[in-house]
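Taking it in order: structure first as structure tokens, then the write-up.
2 protein chains.
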Amino acid sequence: MVLQAQSITVEAPGTVANVGSGFDIFAFAMERPADRVRLCLNDRQEVRIIKNIGRGAEGLPLDAQTNIAGFVLLKLREHLRTDQGFDVTVEKGIPPGSGLGSSAASAVASVLAANILLGEPLSREELIPIAMQGELLASGVAHADNVAPALIGGFILIGGYDPLDIIRLPIPSSLWSAVAHPGIEVRTEDARRILPKEVSLRDAVRQWGNVGGLVATLCLGPLERLGKYTTDYIVEPIRATLIPGFHDVKQAALSAGALGCSISGSGPSVFALCLSQDRATQVAAAMIAAFEKHRLTANGYVSQINPSGARVIDHAAG
Amino acid sequence: MVLQAQSITVEAPGTVANVGSGFDIFAFAMERPADRVRLCLNDRQEVRIIKNIGRGAEGLPLDAQTNIAGFVLLKLREHLRTDQGFDVTVEKGIPPGSGLGSSAASAVASVLAANILLGEPLSREELIPIAMQGELLASGVAHADNVAPALIGGFILIGGYDPLDIIRLPIPSSLWSAVAHPGIEVRTEDARRILPKEVSLRDAVRQWGNVGGLVATLCLGPLERLGKYTTDYIVEPIRATLIPGFHDVKQAALSAGALGCSISGSGPSVFALCLSQDRATQVAAAMIAAFEKHRLTANGYVSQINPSGARVIDHAAG
Chain Y
165 MVLQAQSITV EAPGTVANVG SGFDIFAFAM ERPADRVRLC LNDRQEVRII
215 KNIGRGAEGL PLDAQTNIAG FVLLKLREHL RTDQGFDVTV EKGIPPGSGL
265 GSSAASAVAS VLAANILLGE PLSREELIPI AMQGELLASG VAHADNVAPA
315 LIGGFILIGG YDPLDIIRLP IPSSLWSAVA HPGIEVRTED ARRILPKEVS
365 LRDAVRQWGN VGGLVATLCL GPLERLGKYT TDYIVEPIRA TLIPGFHDVK
415 QAALSAGALG CSISGSGPSV FALCLSQDRA TQVAAAMIAA FEKHRLTANG
465 YVSQINPSGA RVIDHAAG
Chain W
165 MVLQAQSITV EAPGTVANVG SGFDIFAFAM ERPADRVRLC LNDRQEVRII
215 KNIGRGAEGL PLDAQTNIAG FVLLKLREHL RTDQGFDVTV EKGIPPGSGL
265 GSSAASAVAS VLAANILLGE PLSREELIPI AMQGELLASG VAHADNVAPA
315 LIGGFILIGG YDPLDIIRLP IPSSLWSAVA HPGIEVRTED ARRILPKEVS
365 LRDAVRQWGN VGGLVATLCL GPLERLGKYT TDYIVEPIRA TLIPGFHDVK
415 QAALSAGALG CSISGSGPSV FALCLSQDRA TQVAAAMIAA FEKHRLTANG
465 YVSQINPSGA RVIDHAAG
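Right under this line is the structure:
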């Protein structure tokens, strides 16, 4: 059988996981930065990584078993019981180790692209567990908090894993995020290793008051109260030690008018929530300036919550 | 000055605190059982407990410093800088040590009654911290989770204590509670003493997934999902040891069609959430029958969520 030459490019956005109080359960999708994955069908029944380009791509493997975009395609092929071959080009817009869901974005773009080329046998929701396999490869834990919003967009609550329970929370249009990514790398594995196995019941209770408050405020308002509920008593105090100048950056964000500010995922990126684009722009600038005082050059991103997640950029049938 | 003879009777409802996953942060008000407090102004500048009547009243003190209804009146007088005297009659409908907010209901009925007799210098929200002083006397912790819904009704989330942050969650009209109160007493102090100081981070994360899910489901639906989010990984497994037959009672409730079931407050009462009055009636009967197999006689209560809390029963000016 001779296959039609067919190709597609899918873009998947960066994501902010944890959102302060919701370690491993909250995350939202940004508009940018984003990864792109281009797939072409091949007739060799092989998943081949053609090249990795873009930010931080030089360190990524060309072996499909260890390249996240390739690995999740192998998992998708197993799931669908197909030996369809793909040529894969990964264009990184989200630097690995940034705390912005870099591995999740590559995994999501790859499986969504393949699913479309194969005639959409699975829904986006059904692709989440496949893309989560990439997180297992990347960090040793098959977590869903970056994958889910990268695939379906929005502000997500992971209600549980057994079964996987994804809840979309309302996303007020006035809500903007400001993110500053300093030029150091924090490995997710390292950021997990330093976490305590046990936490005090007192802190756990304070934390779930904030988790409940954050969900209630997204659903019911007023958004001005959101910042308090991003307060993280458990993970931020420990992971902050991995980010030079974190406390100054957070203070700069709050002084510039952010509702709240914490570490994005496992860091080193820092996010803030704001009530307008102008405010988010000012807050991003303030965070970048604060990192500079600690001799770190940071990139800033200002974005509304991305409501729809990964999207097709180019789709050619020939 | 000769005072007008004036009296009032206020009823404050029982409350279900924790609601499974939300230890110390969730609670809702029932329609019944309820405590009643009757106050008459006196001109002796004294708070006098005239009598305690009703269920479990025989063990309650007649000293205003140690009787909760009297103690909170003394606190209210301090707060308002008045030496107005009150004659107090407490009519217990909620047995002490039932886990149904017995002390909170007496405190709430007492302060609300006095506030009305004094011309309503404080709002209901402002009375919450005063009534919380009664909880400090009763159990050594000034918690708000029973007091707040007893005073203002509804399904309450305590977002935090510093400052006190009370969030009213939506209460769907189809939501009913079934409660079974077995004839044993669990002291709140004892139920707190057996709790661990530390919990595993893994359980804490699972718990706050449920806390977030419960808030999201009350706000967004569908209510059928509510039961899962009442699951308590941390407190219920420990406190269940204080309630003979708890696991059989819970299984009976779920088999009879309850969405979810757990311990009310510090127990021994067990609550279940249901989607109709008929179902809640069946579930209450099933729980009572299960307690009977463990040789415990239980009382049952079936109720919607009480939207308004404490209410004036009788108000006479002479």
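Chains as they are written, first to last, in this note's numbering: chain Y, 165 to 482; chain W, 165 to 482.
Glycine is no exception: its CB is placed at the ideal position from the N, C-alpha and C atoms.
The residue among E210(W), A355(W) and V375(W) with its C-alpha nearest the C-alpha of F250(W) is E210(W). In this structure, DSSP gives Y397(W) a state outside helix and strand, which the three-state scheme calls coil. Rounded to whole angstroms, the separation of the alpha carbons of F190(W) and A417(Y) is 32 angstroms. Taken in chain order, the members of the segment 334 to 351 of chain W whose beta-carbon sits within less than 9 angstroms of a beta-carbon on chain Y are P334. Residues of the segment 382 to 403 of chain W that bring their beta carbon within less than 9 angstroms of a beta carbon in chain Y comprise L382, C383, L384, R389, K392, Y393, T395, I398 and V399, in sequence order. With a threshold of 8 angstroms between beta carbons, G186(W) makes contact with chain Y. Listed by position along chain W, the residues whose Cβ is nearer than 9 angstroms to that of I320(Y) form an empty set, because the closest Cβ is around 10 angstroms away. Residues of chain W with a Cβ closer than 8 angstroms to the Cβ of R370(Y) are, in chain order, G324. In this structure, DSSP gives E284(Y) a state outside helix and strand, which the three-state scheme calls coil. Setting aside the 5 residues that flank it on each side, R288(Y) is surrounded in the same chain by L315 and I316, each with a C-beta closer than 6 angstroms to its C-beta; the list follows chain order. Residue state for K414(Y) is assigned as helix, using DSSP reduced to three classes. Rounded to the nearest angstrom, the Cβ distance from V174(Y) to V447(Y) is 30 angstroms, too far for a contact under 8 angstroms. Of the residues N231(Y), N279(Y), R219(Y) and D227(Y), the one whose Cα lies closest to the Cα of L244(Y) is N279(Y). Just measuring C-alpha positions, the residue of R443(W), G385(W), S270(W) and I331(W) sitting nearest G385(Y) is I331(W). Of all residues in the segment 405 to 427 of chain W, none has a C-beta nearer than 8 angstroms to a C-beta of chain Y. Given a length threshold of 3 residues, each whole run of the beta strand (DSSP E) inside the segment 177 to 252 of chain W is given here in chain order: 190 to 206 and 211 to 218. The bridge partners DSSP lists for L333(W) are F319(W).
Closest option to R241(Y), judged by alpha-carbon separation, among L406(Y), L328(Y) and L291(Y): L291(Y).
Excluding its 5 nearest sequence neighbours in each direction, T246(Y) has C-beta neighbours in its own chain below 8 angstroms: L282, listed in chain order. In the same chain as F187(W), and ignoring 5 residues on each side of it, the C-beta atoms closer than 6 angstroms to its own belong to V399, in chain order. Within the same chain, and ignoring the five residues on either side of I335(Y) in sequence, the residues whose Cβ sits closer than 7 angstroms to its Cβ are G318, F319, I469 and P471. Straight-line measurement puts the Cα of L328(W) at about 8 angstroms from the Cα of I322(W). A268(Y) and T395(W) have their alpha carbons spaced roughly 29 angstroms apart.
Its chain contains R443 as the residues whose beta carbon lies nearer than 6 angstroms to that of G421(W), once the 5 sequence neighbours on both sides are disregarded; these appear in chain order. Excluding residues up to 5 positions away in sequence, A454 lie with their Cβ nearer than 8 angstroms to the Cβ of Q415(W) in the same chain.
Among the CB atoms of chain Y, none fall inside 8 angstroms of the CB of E195(W).
Spanning the alpha carbons of R389(Y) and N374(Y) requires a straight line of approximately 11 angstroms.
Residue contact check for A380(W) against chain Y: a CB pair falls below 8 angstroms. Here I172(Y) is buried: its Cβ has 16 or more other Cβ atoms, across all protein chains shown, within 10 Å. Residue range V434 to C438 is occupied by the beta strand (DSSP E) that includes L437(Y). The three-state secondary structure of G421(Y), taken from DSSP, is coil. With a threshold of 16 other beta carbon atoms within 10 Å, P285(W) falls short and is exposed. By the neighbour-count criterion, in which a residue is buried when 16 or more other Cβ atoms sit within 10 angstroms of its Cβ, A480(W) is exposed. The criterion of a C-beta distance shorter than 8 angstroms is not satisfied by V252(Y) and R200(Y). Chain order gives no chain W residues near S267(Y), where near means a beta carbon separation below 8 angstroms; the closest approach is about 20 angstroms.
Selection L205(Y), E255(Y) and A198(Y) evaluated against L226(Y) yields E255(Y) as nearest (Cα-Cα).
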